[in-house]
Structures are given as structure tokens and as C-alpha cells.
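J.:
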Amino acid sequence: MLNERMSKLGDEPSAIRELFMWGLQRKKVVGDDKVYDFSIGNPSVPAPEQVKACILKHMNDDPVALHSYSTAAGIEQVRNTLADFITRTYDFKSSGSNVFLTHGASGALAASFCAVTLPGEEVIVPAPYFPEYKTWIDTAGSTLVPVACDRKSFQLDFNEIEKAINEKTSAFVLNSPNNPTGAVYPREDLEKLADILESKEKQFGTKIYLICDEPYREITYGAEVPWVPSIYSRTIVCNSLSKTLSLPGERIGYAYVSDIMENARDVYVAITGAARALGHICAPVLFQHILADCIDVPTDVTPYAENRALLTEMLDDLGYEYAEPQGAFYLWMKALEPSAQTFSDKARELDLLIVPSESFGAEGWIRLSYCIAKETIINSKPAFEKLKALYE
Ligand code: PLP
């Protein structure tokens, strides 16, 4: 018998992918330059040259060894290299045994939810949020509890957070820099969050894991992204090379559990088991090597910073309201009517593809991905202007 939940998941359209696919078809009709696609988060900056050089270098390796399975956690030398990077970058002592290599940040997140939450428990997620969290939390059998962020700054709202935590809360998801809002949470807010989680753990006699989803860590416009394990010990960091080195299709990432977590080994073993249960034997091996080889290659944020400046200037000019993005490559703009879906549909009629906020667990906003060609932003101005005029 077919699993009804899986059939539904397989059939459920993602608002982002649906728009993107519509755009591809539409481009065939009106031309590539006549469709202004702000839908999907595919990095528009090419992977650094070093990545190509390292791939070519590995083509001379023994092919049997190169394409063999690694251990479930990943190649030891690669994990050690990553741990050394963490030690020196965040001044936070780490070893290879803290690292579990995964299929992108997605693999790390899905395994982490399964490892630290039980059916009937709750995971708190600041809203708006990356839609796939719900899929992974549902798979773990627990329930996603959205907690609205401050409606202007899209920073954490501590009153809402305190109210939402109860004896069933087993995890809290922190995504900074944030998709979809571009918010970066400052150190003092993370310290405040840590205090709340610790005091709630004491009050309820529970453990609350902080699952940090950080694929955009290196993409910021001046804001500091603090290393959370040094602020809250029960933190699991999930990260990948998808966005920072523009390698989303290569599916390489990791989960990190630090030794300062009181039950670190148990958590690490549970993540190993969860990855196994999800069918993740080992992360792609060639890109495990690339992760180690390119660990010090910086992220090129200049094109995103330029696009951000272009886009915000244009929206300011036209009088749109938005949250100033501090990181990632998304801008969170206010829709001009309560239904973001209707607003997005009207934009689509102008060949302007913008993602409605409903799929991110919020109403009345729009996500604009600006990891796109500069010309698309420049040429989209008349469409944004016409869209605004519909409401005047
Ligand atoms: N988390 C967030 C917030 C994302 O935006 C994405 C991808 O868009 C992921 C996780 C998944 O990243 P990966 O491609 O490394 O699996």
C-alpha cells in the first residue's frame, strides 16, 4: 500500500519551484530577458576556481579509492581538517569526532531532528521559516511550533519564545543569516535566547537542543554571525558548501556536535543512527575531499552586495517597504495586500516572479531572491512600478 503522507509530499507543489518552473516555460515564449525571476535560491556566483583545480587534481587519484564508500561519518582526514578550521576560526577546540559529514545542510538537519526529538514533542521555529523544516520535523514525528518574529525587524521576539516553550519542547531552530528575511541575530540576542532555554530546561527538567542552520554563515554585509556552541552548549550546527562556495548540487555538508555538550557522544551517535535510518551511508566522497581542500577559500559576496544595493535602491525609489537584509541573498518585502499569494499572482501577470510568504509560515510578505543577474534587477523596475500602480 502506498504511504499516503509520502504520496502527498511527492505531489505537493513547492511555491518556489512552481514559480521557477513557470518562469522557465514563460521564457521560451517571451524571451529570457523578459521574465524577472526572483524565485529560487540558486547561487549566481560561480564556484571558485580553486574548486575546479581541486576536482582536476583528484582525477589523478586512484579511482577505486576515490569513488569508494567512506565511513558513515566521512573520511577521517577530512573531518580533522574541518575540525581544525573550526578550532582556529572560532577559537573553539574541536576534533574530527565532533563532525559528521552529510548530504548538504538538509542531510544534517533531517538527521538532527530525528536524533533529538520524539513523536509528540515540539520544535520551535521562528517564523517566517525555510519551508523544508516542516517536512523534516514531521518525519521525526514531532510538531513544528512557529513563533512569530518581530514584525518590523524580523529579529527574535523573546516574549513569544518564552510563551511557546513548554515541557514538550525538545528543540529550537535558529537560522542565521536567515532565509527568507535576511536577518542576522546579534550576539546579545543569542545570549538572551541561551538564558531562556537554560531556564526553561531547569523549570521543566528537560533538554532543549538548539539546532543552528547556517548555510549562509559567510554571506553577510557587515554583520557578525556568532559561533553559537560557545554561547549555548546544547547546540548542533548544520552547515554546507551549497551557498558559500556555490555548490548546491554537490550535496556536501555536515553536522557538528561539540564536546562541551554534556551528552555529546550520545547525541553524535543518535545523529549517526538517524542518518543511517534515512539512508545516508556516506556523503559524496569527491566533495568530501573538496570540502577539506577548499576549507580556507573565502566566499565572494561582492556580487550579492552589489545586487542588494541595486534592489534596495530600486525599491526605495518606488516606495516599497522591506526589511533591510543583513545576510544571505534574500529580501523580505511587504506585499501591497493581505494575501501575498494574490499579490504574487498579480506580479506573475507582469512576468515578475516573487515568492509569496504563505509557504514560509507568514502572511502578507514576499521573498525576493537576489542571487540573480544584475540586468534582471535593473530591467525589472517597470514591472515593479506597474505592480505598485495597481494599488494606487
Ligand atoms: N537551510 C536553509 C535556510 C536553506 O535556505 C537551504 C537551502 O536553500 C538549506 C537549509 C538546505 O541547504 P543544502 O543545499 O546544503 O541542503
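Residue numbering for the sequence shown follows the numbering used here, beginning at 45 and increasing consecutively.
Cβ atoms here follow ideal geometry from the backbone N, Cα and C, with glycine treated the same way.
1. Let me see if you follow: with CB-CB separation under 9 Å, is Ile-99 close to chain D or not?
2. Can you give the Cα-Cα distance for Leu-126 and Lys-430, rounded to whole angstroms?
3. Is Glu-176 near the ligand PLP, in the sense that its beta carbon is under 8 Å from a heavy atom of that ligand?
4. In angstroms, rounded to a whole number, what distance separates the CA positions of Val-79 and Asp-395?
5. Could you spell out where the alpha helix (DSSP H) holding Ser-150 opens and where it closes?
6. Of the choices Phe-64, Tyr-260 and Ala-59, whose alpha-carbon is the least far from that of Phe-373?
7. Quick check: the stretch 204-223 against the stretch 381-388, are there 3 or more CB pairs under 8 Å?
8. Could you tell me whether the stretch 269-276 touches the stretch 229-241, using the rule of 3 or more Cβ pairs below 8 Å?
9. Let me make sure I understand the geometry here. Which of Ile-416, Ile-398 and Pro-175 has the alpha-carbon closest to that of Ala-427?
10. Going by the beta-carbon positions, is the gap between Pro-369 and Gly-226 smaller than 9 Å?
11. In three-state terms, what does DSSP make of Ala-319?
12. At a cut-off of 8 Å, is Leu-412 close to the ligand PLP when judged by its beta-carbon and the heavy atoms of the ligand?
13. Is Pro-190 close to the ligand PLP? I mean its beta-carbon at under 8 Å from any heavy atom of the ligand.
14. Would you mind stating whether Arg-295 and Ala-321 have Cβ atoms separated by less than 9 Å?
15. Please state the DSSP three-state secondary structure of Ala-215.
16. Could you work out which residue in Lys-71, Leu-375 and Ile-410 is closest to Asp-389 when comparing CA atoms only?
17. Along the chain, where does the alpha helix (DSSP H) that runs through Pro-426 open and close?
T.: A quick look at the data gives this:
1. The chain inventory of the structure shown lacks chain D, comprising one protein chain alone.
2. Stepping through the sequence shown from its first residue, residue 126 is reached at position 82. Stepping through the sequence shown from its first residue, residue 430 is reached at position 386. Rounded to the nearest angstrom, the two C-alpha atoms are 49 Å apart.
3. Translated into positions along the sequence shown, residue 176 becomes position 132. For the ligand PLP, at least one heavy atom lies less than 8 Å from the Cβ of Glu-176.
4. As a working note, residue 79 is residue 35 in the sequence shown. As a working note, residue 395 is residue 351 in the sequence shown. Going from the Cα of Val-79 to the Cα of Asp-395 covers about 5 Å.
5. As a first step, residue 150 is located in the sequence shown; it is residue number 106 there, counting from the start. First-last of the alpha helix (DSSP H) with Ser-150: 148-160.
6. Position 329 of the sequence shown, counting from 1, holds the residue named residue 373. The residue with the shortest Cα to Cα distance from Phe-373 is Tyr-260.
7. no
8. yes
9. Here residue 427 refers to the residue found at position 383 of the sequence shown. When only C-alpha atoms are compared, the closest one is Ile-398.
10. Here residue 369 refers to the residue found at position 325 when the sequence shown is read from its first residue. Here residue 226 refers to the residue found at position 182 when the sequence shown is read from its first residue. In this structure, Gly-226 lies closer than 9 Å to Pro-369 by Cβ.
11. Counting from one through the sequence shown, the residue named residue 319 turns up at place 275. If DSSP states are grouped into helix, strand and coil, Ala-319 belongs with the helices.
12. Along the sequence shown, one-based indexing puts residue 412 at 368. False, no ligand heavy atom lies under 8 Å from that Cβ.
13. Position 146 of the sequence shown, counting from 1, holds the residue named residue 190. No; taking the cut-off as 8 Å, the Cβ of Pro-190 has no heavy atom of the ligand PLP nearer than that.
14. For the purposes of this step, residue 295 is taken as the residue at position 251 of the sequence shown. For the purposes of this step, residue 321 is taken as the residue at position 277 of the sequence shown. Not closer than 9 Å, so no.
15. Residue mapping note: residue 215 aligns to position 171 of the sequence shown, counting from 1. Ala-215: strand per DSSP, three-state reduction.
16. Numbered from its first residue, the sequence shown carries residue 389 at position 345. The option with the nearest alpha carbon to Asp-389 is Ile-410.
17. Taking the first residue of the sequence shown as 1, we reach residue 426 at position 382. Where Pro-426 is concerned, the enclosing alpha helix (DSSP H) stretches over 425-433.
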